[in-house]
Each structure stands twice: as C-alpha cells, then as structure tokens.
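Okay, so here's the structure we're looking at.
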Amino acid sequence: MTMSIKELKGKDMLCLKEFTPEQVKYLIELGLDLKRRYHAGERILNTLNGKSIAMIFEKPSTRTRVSLEVAAYQLGAQPITLGWNELQLGRGEPIKDTARVLSRFVNGITARVKNHNDLIELANYADIPVINALSDLSHPMQVIADYMTVYEKKGKFKGLKLAFIGDGSDNMVHSLMIAASQLGIDFYLGSPKDLKPNNEIFKAAKSFAEISGSNIVITEDPLEAVDKADVVYTDVFVSMGQEDIAEAKKKLLKPYQVNVKLMERANNNAIFLHCLPAHRGEEVTDDVIEGPWSAVWDEAENRLHSEKAILTSLIP
Ligand code: CP
Ligand code: NVA
106 MTMSIKELKG KDMLCLKEFT PEQVKYLIEL GLDLKRRYHA GERILNTLNG
156 KSIAMIFEKP STRTRVSLEV AAYQLGAQPI TLGWNELQLG RGEPIKDTAR
206 VLSRFVNGIT ARVKNHNDLI ELANYADIPV INALSDLSHP MQVIADYMTV
256 YEKKGKFKGL KLAFIGDGSD NMVHSLMIAA SQLGIDFYLG SPKDLKPNNE
306 IFKAAKSFAE ISGSNIVITE DPLEAVDKAD VVYTDVFVSM GQEDIAEAKK
356 KLLKPYQVNV KLMERANNNA IFLHCLPAHR GEEVTDDVIE GPWSAVWDEA
406 ENRLHSEKAI LTSLIP
C-alpha cells in the first residue's frame, strides 16, 4: 500500500467519484486485511477507542445497520443508531442545525437518506466526516465490500468484466460503475433504455475509465451485457421509496431477470453478486442465488470488514 491512513482522516464519503482510484483500492485492501485478521482471531481492534458515531436511518436496513454497529464495537467506538423520525429532523428541524449540533457530540455521522442532496447538506454543515449509508444516488460502502468479494474470488481487477443486469438508474449501478472505472474493470450495463444512469456519474466514470483503460458499455440486450462476464450483478427492480412506480418498473424490467439461461452466457467460473435484500423470482431466480455462482453470503460478510476499513480510515 503506497498511501497512508492519514490521507483519509476527516474525509466525507458521499460518492466514490470524490475518491481517487488509490483511495478506493486502499479501502478494499484494508478491508481484506481486517478480514484476515478477524478470522485469525484479532476481533477487537480498538482503533477508535472513546469515539462516538451517530448512525442515522431514514429508510429500513438489515446489513448496513448491523454491520456498522458491530464494526464500531470492534473498533472500540460507540454507535448511536437514530431513526430519522426519532430525531427532531422528523419534526422539521433543519438538517444544517442537526449537523452542527451532532458535530459537538460525536466524531462521525453515517446516514441513510431518501435524497442525496440532504446528505450533501449534512456534510456541508458538519465539522466531522459524513458517510453515505445509501442514498437514492449511491451506495459507496456496499461497493467497497463488493469489490473485496471480487478480489477474493478472482484475485485481480484489471481485465475483468462485470455485468449489471436490471435497473440502469439504480444507486448500486452508480457506485459499481464508478469503482469499476477506477479499478480497470470493464463495466457492462444491460438495462431498458428508459432507465439510464445519472449523467454526472456516467461522465465521471468515463473520465476514470480513460485513465484505467476500462470499457463502459450500455446496452438494452441483457445477453450481450452478460456475454463472457466474470461477475454478474443485479439489484431489486423496485428500490426503497419507489413503491408508487413498483408495477411499472417490474413490467419494464421483466426481461432483465438473472436466471440460469443468462448465467450460462457468462464465463464458466463467473460469480453472481447482489447487494441484498433479494426478491427471488423477480430480479433473480432461486437457482442462481442458491446456485454454484452465488457469492452473496461472502459479499454480505464483507460489509462488516469494509465498514471497519471505512470507519477507521475516515473518522479522526
Ligand atoms: N445491502 C444493504 O445495504 O442492505 P440493507 O438495506 O439491509 O442495509
Ligand atoms: N437499490 C436498493 C439497494 C438496497 C440495498 C434500494 O435503494 O432500495
């Protein structure tokens, strides 16, 4: 590792486009190192002894909430989990006031929000790092765990092909596409033409790709996207907060289900990833998520180790 942890102390993590490829690689490597140490019996690290972290959730969560709380515990920090509506935020206290008050009490904030702009406002007014625990735009913490899993299974990044099949406007697509372009992975998106990635994210990914040499390809044909892929990724057809357009999205995305026929077009030793929660029979079939390709449980475990890497690196 060429960089030092000091370079990241105090930094927000809102979207991976605000990170250099070296910083992203560093977090992945640190996550893998912490995982090795955890399995060798070194469970309590105490690198954030005496620190407190506010963890705000405006939407439900299983993995992110539990892995963040356990990660904080293993680092010696106190996690304080707060539902949006338990805070005065739910009664209309401005985000900017909440940010300044929490900055006087705690050493870092993680937040899962409906609107990415709220996260930006929180970060603008907080004196402490604000870490995105999922927004409508991106899910950077998940992607550090995802690429840890890719490295564990494939032993490299450069030259791999990752295919995302499904909703092209999904928060996971944005974070996966940015990190793929930083890591030199070819990113293929198989998605309906009406569900395109955010343009700013796409442009940022393109500029990272010019340097790393990765290809970013968007096609409406899921078979073309998945052809000879090393990693096949999907996410729910209907994200949290999109319940009002659920039926329309499910109809549009029906041809984009990851099933055995699709997996057979990928490379022989391809792996299947999903950030979870999964809806079997919608975006993925049971025989794929339970089948030989599936690395989703290792991927889920990696949330714990990646969270430790992120918290210990960013929180001063
Ligand atoms: N993958 C993920 O973020 O899961 P949760 O919504 O359960 O946190
Ligand atoms: N796209 C999904 C990801 C869940 C982890 C959502 O936002 O609901």
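One gets the numbering used here by counting positions in the sequence shown from 1 and adding 105 to each. Ideal placement from N, C-alpha and C gives every residue a C-beta, glycine not left out.
Using only the heavy atoms of the ligand CP, determine whether one of them is closer than 7 angstroms to the beta carbon of Pro-382.
-> yes
With Arg-217 as the anchor, note down where its alpha helix (DSSP H) starts and where it stops.
-> Run containing Arg-217: none in the alpha helix (DSSP H); it sits in the beta strand (DSSP E), 213-217.
For the beta strand (DSSP E) that Ile-323 lies in, which residues bound it at each end?
-> 321-324
Hey, which unbroken runs of the beta strand (DSSP E) at 3 residues or more fall wholly within the stretch 193-241?
-> 213-217 and 235-237
Indicate whether Ile-306 and Ile-133 have their beta-carbon atoms separated by less than 8 angstroms.
-> no
With a threshold of 7 angstroms, establish whether the CB of Ser-166 neighbours any heavy atom of the ligand CP.
-> yes
Mark Pro-327 as exposed unless 16 or more other C-beta atoms lie within 10 angstroms of its C-beta, in which case mark it buried.
-> buried
Could you tell me the distance, in whole angstroms, from the CA atom of Leu-192 to the CA atom of Lys-116?
-> 25 angstroms
State the CB to CB distance for the pair Ser-399 and Phe-377, rounded to an integer number of angstroms; the pair is presumed to be in contact (CB under 8 angstroms).
-> 5 angstroms
Should His-244 and Asn-222 be called a contact, given that it needs their Cβ atoms to be closer than 8 angstroms?
-> no
Could you tell me which of Arg-142, Ser-166 and Gly-136 sits nearest to Gly-346, measuring between CA atoms?
-> Ser-166
Test item: CB-CB of Lys-259 and Asp-335 under 8 angstroms = yes
Going by other Cβ atoms of all chains shown within 10 Å of its Cβ, with 16 needed for buried, is Ala-414 buried or exposed?
-> buried
Could you give the DSSP three-state label for Gly-136: helix, strand or coil?
-> helix
Can you tell me whether DSSP reads Lys-266 as helix, strand or coil?
-> strand
Thinking C-beta only, is Ile-236 closer than 8 angstroms to Met-118?
-> yes
DSSP three-state call for Phe-313: helix, strand or coil?
-> helix
Relative to the ligand NVA, is the shortest distance from any of its heavy atoms to the C-beta of His-221 smaller than 7 angstroms?
-> no
Would you report the Cα separation of Lys-333 and Asn-374, rounded to the nearest angstrom?
-> 10 angstroms
Alpha carbon to alpha carbon, what distance is there between Ile-161 and Arg-217?
-> 6 angstroms
Kindly indicate which residue of Val-393, Val-389, Thr-390 and Leu-381 has the alpha-carbon position closest to the one of Thr-169.
-> Leu-381
Could you give the distance in angstroms between the alpha-carbon of Ile-149 and the alpha-carbon of Gln-179?
-> 5 angstroms
Mind checking Pro-302: buried by the 16 CB within 10 Å criterion, or exposed?
-> buried
Grab me the residues of Lys-298's own chain with a C-beta within less than 7 angstroms of its C-beta, minus the 5 sequence neighbours each way, in chain order.
-> Glu-325
Give the DSSP-derived three-state secondary structure of His-379 in the structure shown.
-> strand
Please classify Met-128: does DSSP put it in a helix, a strand, or coil?
-> Residue identity differs from the one stated: residue 128 is Gln in this sequence, not Met. The answer is helix: DSSP assigns Gln-128 an H, G or I state.
Which residue's Cα is closest to the Cα of Phe-269: Ile-225, Lys-261, Ser-280 and Phe-262?
-> Ser-280
Verify the contact flag: Gln-247, CB atom, against every heavy atom of the ligand CP, threshold strictly below 7 angstroms.
-> yes
Euclidean distance between Cα positions of Met-246 and Gly-289 = 19 angstroms
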